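Numbering (my numbering), first residue to last: 24 to 352.
Worksheet for the structure shown next.
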């Protein structure tokens, strides 16, 4: 493969990522059209619209001449459909990135939500927490406001808008009373998740205000209300049995991804049982000296570090790290 050809394929992956707005069952699609190694047009497809209609439109609006080539990161159609469009519009060649060796990790990353959803029959799970330099997520009285700075908090609201649902543990609901919306960003509020087997949470909490869709998992039988749907949990005390039930139900509802924002107990439980795919951890330049310890996550999963204003952001990926380990072995 020549270098320019490889760059064009990599470009389709970047374009696909640029088109990401919210978790979707549909794969993210990036494309470009070239002639004599010059890009004539490029872009991405909108997941909430027909890919066939979008491809037909883009090919019909471009003046295609001899030796025109179409590059695409992945083929969302039956292969015959793609080649039919190419023949119809006189595209001489089609190159598909996911049929090309050595690009698999980049391709997986772009469409990781839909891949995990389809392969593991559960939502893609993103963990997030903020901790101090000395490794605490809250003081002993559960006070955690505010560990990270305003830039980090705004970024978290953007992340909320990108995922299908949001979940926090019951201690976080009790002590922080979060709204779990995207008030500091433009976008759609995620579906809120509550797992409360014994219905122990106060009904006056924000999570029950019916201001956005909320799924409440409990062992009690309750009537649904607008924006508040109750799902009966099995009569089971062990959370290692209840959480798979919740994840399976979310899969049936086509909830593609879940953003888990705490608390430490829920995050640690998900990490321990490998019910996670990605973790985003803010480390603030603060010291508590004592308090509630941050979850423990293996350094082998760390893939990137960056600064978000005064806070350090650590990104961990379970499958990327495990795949790298296999290659190195």
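Glycine included, C-beta positions come from ideal geometry on N, C-alpha and C.
Nothing here was measured: the structure is a model prediction, and the numbers come from that model.
Query: Boundaries of the alpha helix (DSSP H) in which residue 224 is found, first to last residue; Result: Where residue 224 is concerned, there is no enclosing alpha helix (DSSP H), given that its DSSP letter is neither H nor E.
Query: DSSP-derived helix/strand/coil call for residue 311; Result: coil
Query: Option nearest residue 99 by Cα separation, candidates 239, 137, 84; Result: 137
Query: Distance between beta carbons of residue 290 and residue 150, contact taken as under 8 Å; Result: 5 Å
Query: Simplified DSSP assignment, three categories, for residue 351; Result: Because the pLDDT at residue 351 is just 49, under 50, the model does not fix this residue reliably, and the value given afterwards should be weighed accordingly. If DSSP states are grouped into helix, strand and coil, residue 351 belongs with the helices.
Query: Sequence-distant residues of the same chain with beta carbon closer than 7 Å to residue 263, five excluded per side; Result: 296
Query: For residue 104, the first and last residue of its enclosing beta strand (DSSP E); Result: Premise fails: residue 104 lies in the alpha helix (DSSP H), 102 to 111, not in any beta strand (DSSP E).
Query: Between the CA atoms of residue 76 and residue 105 - distance to the nearest angstrom; Result: 12 Å
Query: Residue 84, enclosing beta strand (DSSP E) - first and last residue; Result: First-last for residue 84: 74 to 84, but that is the alpha helix (DSSP H), not the beta strand (DSSP E).
Query: Proximal residues to residue 268 (C-beta, below 7 Å), its chain only, five neighbours per side dropped; Result: 256, 257
Query: Residue 41, buried or exposed, once every other Cβ within 10 Å from all chains shown has been counted against 16; Result: exposed
Query: Rounded distance between the beta-carbons of residue 88 and residue 70, thought under 8 Å; Result: With a Cβ gap of about 30 Å, residue 70 and residue 88 do not count as contacting.
Query: Assumed close pair residue 298, residue 265 - CB separation to whole angstroms, cut-off 8 Å; Result: About 12 Å separates the two Cβ atoms, so there is no contact after all.
Query: Same chain only: Cβ atoms within 7 Å of residue 108, ignoring 5 sequence neighbours per side; Result: 78, 79, 82
Query: Contact set for residue 288: own chain, Cβ-Cβ below 8 Å, skip 5 residues either direction; Result: 192, 194
Query: Delimiting residues of the beta strand (DSSP E) encompassing residue 132; Result: Counting along the chain, residue 132 falls outside any beta strand (DSSP E), though it belongs to the alpha helix (DSSP H) covering 127 to 133.
Query: Expected contact under 8 Å - CB spacing of residue 36 and residue 63 to nearest Å; Result: Actually they are not in contact, since the Cβ atoms of residue 36 and residue 63 sit about 19 Å apart, beyond 8 Å.
Query: Inter-stretch contact (C-beta, 8 Å, three-pair minimum) for the region 277 to 287 and the region 312 to 322; Result: yes
Query: Inter-stretch contact at 8 Å, needing at least 3 Cβ pairs: the region 241 to 256 / the region 109 to 124; Result: no
Query: First and last residue of the uninterrupted beta strand (DSSP E) at residue 334; Result: 334 to 340
Query: Candidates 304, 160, 101, of which the one nearest residue 334 by Cα; Result: 304
Query: Assigned secondary structure, residue 211 (DSSP; H/G/I helix, E/B strand, else coil); Result: coil
Query: Distance, residue 260 Cα to residue 135 Cα; Result: 32 Å
Query: Pair within 7 Å by beta-carbon distance, residue 222 and residue 237; Result: no
Query: Cα-Cα separation, residue 349 to residue 140; Result: Residue placement at residue 349 cannot be trusted, given a pLDDT of 47 that sits under 50; what the coordinates show is reported in the next sentence. Those two C-alpha atoms are separated by around 22 Å.
Query: Beta-carbon proximity check, residue 39 vs residue 30, cutoff 7 Å; Result: no
Query: Inter-residue spacing [alpha-carbon to alpha-carbon] between residue 200 and residue 233; Result: 14 Å
Query: Of the listed residues 61, 309, 181, nearest to residue 167 (C-alpha basis); Result: 309
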